[in-house]
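Okay, so here's the structure we're looking at.
Chains as they are written, first to last, in the working numbering: chain G, 54 to 277; chain S, 24 to 384; chain C, 1271 to 1634.
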């Protein structure tokens, strides 16, 4: 069973009295351990696809399945739970909580939804920070970290709850080419190590080769 | 102006919250002032309306007319002091009138103690009533004292004493009533002497001259006498503390609001300066917003205060005069402007070059 | 520790403005409460000193003690009622006193027969128990003879009483016969008589039934109301009106506090929309975010209460002693609880904004 499957997924937005089709009956699947690279110009529907895959929005029609479970039609609380327990996000603008240390940013994921940062959570956070070569920066605030270090913390946060699916949005946009590649290589390592499926949206041609498969989108459709 | 109004329109909710908070504070402030005014008016109205420029008491009385007893001959001694045009004895008593304790001020026709509006009306066999919206009960048509009845010939609005219905009555009638009440002949003591000073004379100087010239008395000018009435000074000072607190709270709340707002907009404001805006272009919108928000809040708060006081007139009595409203409203607006300007200091210190610096996470 | 509390610890400066504003509002509330209690307590001290006893007041006085006049024979009539352990007279008049070596001050001269918990029984003619503050206010030694009234008459100070038993001014307690003499000199036109009778009930008496019996016993002598101290205080229109006014003002001040807190949290939420979107995107729920805001509101309120409390203590210490400000612990506790509750409600007024934060805004 694929980790992620979109079947005739469609997303329409209403802008004034016009209807905009952001995603036009898209079929896509991503297997466990597969690193999919999603490319396309602005407005091609990549971000919309990411929001549907991440249970951040529901499709107008069609279905979105995460390891066989239907995501469309989930209520807010159920969708939040899915995001919390089964999906890891790495955002374009990193978006770490600025007043939490690197370690606390990882632990924050466990405290959401009434959870607790128990001993097991702390051990996992420390292990991830170690793997990401941030053990000596665990007590630093995001403002005290470099761009690359912040991005690694974001990756650690995304992996904290051992997700089924990793969704990565433009991870290199705020980094220079050397750092950018390092970050994507790190993602690649984690995907291989954990066997988690990953979808990375990017404009950056220099990191495309690190993916297993490249899919291009244009005008809400996947280009054959 | 364009920026200021655009932001006001876009963010109605938060500006409305600030306006509501300031409006309520304005309401509180005006309400306090009205209550304080009514309380003191009920205490001091008779003095404020009297013609007397100077009041003379027993020097032990601490300016309390009800605690003052003057020697016989004091009136003549006071009348002989230079600068005194008229000196009239006054006795402050309390009788039950129609079942209500009422202040009865015994004095003579033409006395400076009589309310200005009815000066000279105190004929034999008549009385003058002082009323106030803050004092319960209407003036009786007939002042029925023990052993003597007096027709109430005139009414002076606001001329009350000790927050009681008040009557001004001839001394001989009150003497009859007190003897009747005591069941024996009781001479009517003199509580105070109401003095009108001669034209061109300074009341304070004449008061000092009387204190020096006459043994056992303390003479003070009208303002001092009013301030010295039991309770009046306490009320003024108590409410004074509350006014200061309210003004400070208004300034802080307005300042805090605009400080937070300005800090949030810091990047946008620095960007504006980077593209050519002058300091004035950044300052003016904030001032406009303060004037609009605080101005509207003051208007709404004032309207609510006036409405509340009118609706509850029987409970709280006198409303507000225009002068008080304008002074308070003006003070709040100025405080708001100062607080709003203070919030801008931080942003004005930033240099336009920061708009192109890497500042974000 | 939750994310919200960590933010408070790591970014205290962000919350400083609302803490400052709230602290001042707390000061305003404490001062208002102080005036409310000061006015009512200071005016009713003489009556409240008679807790547990019955007060017999002329019916036409409407429980206003200083308007009551009772004939001499009323006391003997009441003494004969079953269940009455003792009966004494109680009267008061406002006058001045000049303690030896000090200045002239306003006092309330109280004449009584019975000893109370707060005031010992009169020792003898020409003696007085004097308010503990009187010396300090007048600038005289505490045991100085008070020299009461226009003739500076009376008395030898034989003891002090707490200022709790004042009635708008420091009190001087004398035997009732002494009081009658002094009152006549203070107001020669007044013909002073007994104002109130105080009934000390026998052990185990039912106050309600005793009141009825006393009323009946006096039916042929004078029409009276018989009430407890609490009932007399409650009947005081001036005190009731002042209390009502101040309570209304306090209520409005709480409303202002609510709006100020709501305003602050709305602004904070607006600034953090992106952060909230991220938290929601990684699985946070709206209730989590609201609970965090409420926790911050509680901490802010507690800090404001501490700061405002200290400021109030300083301010009250500076208030002149003749201004009626009394800070009562019970009222402070109520104000504190209400302040915290108001802050929490204010923070929750961001509910709509929090619910509207779209987690999808974290992407792109």
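For glycine and all other residues, C-beta sits at the position ideal for the given N, C-alpha and C. Here the structure is a predicted model, which is why all the values come from computation and not from measurement.
Quiz item: Between C:1503, C:1336, C:1355 and C:1630, which lies nearest to residue 1363 (chain C) when the distance is taken from Cα to Cα?
Solution: Here residue 1363 (chain C) is taken as the residue at index 93 of the third chain, counted from 1. Comparing Cα positions, the closest option is C:1336.
Practice problem: For the alpha helix (DSSP H) containing residue 1549 (chain C), list its first residue and its last residue. | Solution: Counting from one through the third chain, the residue named residue 1549 (chain C) turns up at place 279. Residues 1543-1551.
Quiz item: Buried or exposed: residue 29 (chain G), going by 16 or more other Cβ atoms within 10 Å of its Cβ?
Solution: There is simply no residue 29 (chain G) to check, as chain G begins at 54 and stops at 277 in what is shown.
Practice problem: Run the CB neighbour count on residue 212 (chain S), radius 10 Å, all protein chains shown included, and call it buried at 16 or more, exposed below. | Solution: Residue numbering aside, residue 212 (chain S) sits at position 189 when the second chain is read from its first letter. By the 10 Å Cβ count, residue 212 (chain S) comes out buried.
Practice problem: With 7 angstroms as the limit, tell me which residues of the segment 170-194 of chain G have their beta carbon closer than that to any beta carbon of chain C; keep them in chain order. | Solution: none
Practice problem: Please determine, among C:1325, C:1488, C:1343 and C:1506, the residue with the shortest C-alpha to C-alpha distance to residue 1635 (chain C). | Solution: Residue coverage of chain C in this structure runs from 1271 to 1634, which leaves residue 1635 (chain C) outside it and unanswerable.
Quiz item: Taking only beta-carbon atoms, is residue 142 (chain G) less than 8 angstroms away from chain C?
Solution: Counting from 1 along the first chain, the entry for residue 142 (chain G) is found at position 89. Yes, because at least one Cβ of chain C sits closer than 8 angstroms to the Cβ of residue 142 (chain G).
Quiz item: What residue from C:1343, C:1486, C:1302 and C:1588 has the CA that sits closest to residue 1516 (chain C)'s CA?
Solution: For the purposes of this step, residue 1516 (chain C) is taken as the residue at position 246 of the third chain. Comparing Cα-Cα distances from residue 1516 (chain C) to each of C:1343, C:1486, C:1302 and C:1588, the minimum goes to C:1302.
Quiz item: Candidates G:103, G:184 and G:272: which alpha carbon is nearest residue 209 (chain G)'s?
Solution: Counted from its first residue, the first chain places residue 209 (chain G) at position 156. Checked all of G:103, G:184 and G:272; the closest Cα to residue 209 (chain G) is G:184.
Quiz item: Would you call residue 1401 (chain C) buried or exposed, if buried means 16 or more other Cβ atoms sit within 10 Å of its Cβ?
Solution: The residue labelled residue 1401 (chain C) in the question sits at position 131 within the third chain. It counts as buried.
Quiz item: What is the DSSP secondary structure of residue 273 (chain G), counted as helix, strand or coil?
Solution: For this step, residue 273 (chain G) is matched to residue 220 along the first chain. The answer is coil: DSSP assigns residue 273 (chain G) none of H, G, I, E or B.
Quiz item: Exposed or buried, what is residue 56 (chain S) when buried is set at 16 or more other beta-carbons lying within 10 Å of its beta-carbon?
Solution: The count along the second chain starts at 1 and reaches residue 56 (chain S) at position 33. Buried, since its Cβ has 16 or more Cβ neighbours within 10 Å.
Exercise. Using three-state DSSP, classify residue 205 (chain G) as helix, strand or coil.
Key: Taking the first residue of the first chain as position 1, residue 205 (chain G) is located at position 152. If DSSP states are grouped into helix, strand and coil, residue 205 (chain G) belongs with the helices.
Quiz prompt | the segment 276-285 of chain S / the segment 41-48 of chain S touching (three or more Cβ pairs under 8 angstroms) | solution = yes
Exercise. Leaving out five residues on either side along the sequence, give the residues of the same chain with a beta carbon under 7 angstroms from the beta carbon of residue 1598 (chain C).
Key: Within the third chain, the letter at position 328 stands for residue 1598 (chain C). Within the same chain, residue 1598 (chain C) has close Cβ partners 1307.
Exercise. Pick helix, strand or coil for residue 216 (chain S), following the three-state DSSP scheme.
Key: In the second chain, residue 216 (chain S) corresponds to position 193, counting from 1. DSSP places residue 216 (chain S) in strand when its eight states are reduced to three.
Quiz item: Between residue 1553 (chain C) and chain G, is there a C-beta pair that is closer than 8 angstroms?
Solution: Residue 1553 (chain C) sits at position 283 when you count from the first residue of the third chain. At least one chain G Cβ lies under 8 angstroms of residue 1553 (chain C).
Quiz item: Which one of G:119, G:214 and G:225 has the shortest CA to CA distance from residue 137 (chain G)?
Solution: For this step, residue 137 (chain G) is matched to residue 84 along the first chain. The residue with the shortest Cα to Cα distance from residue 137 (chain G) is G:214.
Quiz item: Going along the chain, which residues of its own chain have a beta-carbon closer than 6 angstroms to the beta-carbon of residue 221 (chain S), five neighbours each way excluded?
Solution: Residue mapping note: residue 221 (chain S) aligns to position 198 of the second chain, counting from 1. Counting only Cβ-Cβ distances below 6 angstroms, and skipping sequence neighbours, we find 106 and 108.
Quiz item: Across which residues does DSSP place residue 64 (chain G) in a beta bridge pair?
Solution: Your numbering for residue 64 (chain G) matches position 11 in the first chain. BP columns for residue 64 (chain G) point to G:76.
Exercise. Flag residue 130 (chain G) as yes if its beta-carbon sits less than 8 angstroms from any beta-carbon of chain C, otherwise no.
Key: One-based indexing of the first chain puts residue 130 (chain G) at position 77. Output row for residue 130 (chain G): interface = yes.
Exercise. Note the first and the last residue of the continuous beta strand (DSSP E) segment covering residue 1426 (chain C).
Key: Here residue 1426 (chain C) corresponds to residue number 156 of the third chain, with the count starting at 1. Here the beta strand (DSSP E) through residue 1426 (chain C) covers 1426-1431.
Quiz item: Going straight from the alpha carbon of residue 1558 (chain C) to that of residue 1626 (chain C), what length do you get?
Solution: Position 288 of the third chain holds residue 1558 (chain C). Position 356 of the third chain holds residue 1626 (chain C). When rounded, the distance between both Cα atoms is 14 angstroms.
Quiz item: Name the residues in the segment 153-168 of chain G whose C-beta lies less than 8 angstroms from a C-beta of chain C; which are they?
Solution: 153, 157, 161, 162, 164, 165, 166 and 167
Practice problem: Tell me whether the beta-carbon of residue 240 (chain G) lies closer than 8 angstroms to the beta-carbon of residue 250 (chain G). | Solution: As a first step, residue 240 (chain G) is located in the first chain; it is residue number 187 there, counting from the start. As a first step, residue 250 (chain G) is located in the first chain; it is residue number 197 there, counting from the start. Not closer than 8 angstroms, so no.
Exercise. Count the other CB atoms, across all protein chains shown, that sit within 10 Å of the CB of residue 1503 (chain C); report buried if there are 16 or more and exposed otherwise.
Key: By one-based count along the third chain, residue 1503 (chain C) stands at place 233. It counts as buried.
Quiz prompt | Stretch pair the segment 1557-1575 of chain C + the segment 1603-1623 of chain C: three plus CB contacts closer than 8 angstroms | solution = yes
Quiz item: How big is the Cα-Cα spacing for residue 1447 (chain C) and residue 60 (chain S)?
Solution: Counted from its first residue, the third chain places residue 1447 (chain C) at position 177. Counted from its first residue, the second chain places residue 60 (chain S) at position 37. If I take the Cα positions, the gap works out to 40 angstroms.
Quiz item: How many Å lie between residue 1235 (chain C) and residue 1508 (chain C) at the Cα?
Solution: Outside the displayed range of chain C (1271 to 1634) lies residue 1235 (chain C), so it cannot be described from this structure.
Quiz item: The alpha helix (DSSP H) with residue 1349 (chain C) in it runs from where to where?
Solution: Within the third chain, residue 1349 (chain C) is the residue found at index 79, counting from 1. Per DSSP, residue 1349 (chain C) belongs to the alpha helix (DSSP H) from 1343-1349.
Quiz item: Are the C-beta of residue 110 (chain G) and some C-beta of chain C separated by less than 8 angstroms?
Solution: Numbered from its first residue, the first chain carries residue 110 (chain G) at position 57. By this cut-off, residue 110 (chain G) is an interface position.
Quiz item: Assuming residue 1547 (chain C) contacts residue 1603 (chain C) under a Cβ cut-off of 8 angstroms, what Cβ separation, rounded to an integer in Å, is found between them?
Solution: In the third chain, residue 1547 (chain C) corresponds to position 277, counting from 1. In the third chain, residue 1603 (chain C) corresponds to position 333, counting from 1. Not quite, the Cβ-Cβ distance comes to about 41 angstroms (not below 8 angstroms), so this is no contact.
Exercise. Going by DSSP, name the residue or residues bridged to residue 177 (chain S).
Key: Start at 1 with the first residue of the second chain, and residue 177 (chain S) comes out as number 154. Residue 177 (chain S) pairs with S:151.
Quiz item: Is it the case that the Cβ atoms of residue 1462 (chain C) and residue 1324 (chain C) are separated by a distance below 8 angstroms?
Solution: Here residue 1462 (chain C) refers to the residue found at position 192 when the third chain is read from its first residue. Here residue 1324 (chain C) refers to the residue found at position 54 when the third chain is read from its first residue. It is not a contact, given that the beta carbons lie outside the stated cut-off.
Self-check item: the segment 1326-1341 of chain C contacting the segment 1387-1398 of chain C, beta-carbon criterion three pairs below 8 angstroms
Solution: no
Quiz prompt | Backbone CA spacing between residue 390 (chain S) and residue 134 (chain G) [nearest angstrom] | solution = The displayed coordinates of chain S run from 24 to 384. Any statement about residue 390 (chain S) would go beyond what the structure contains.
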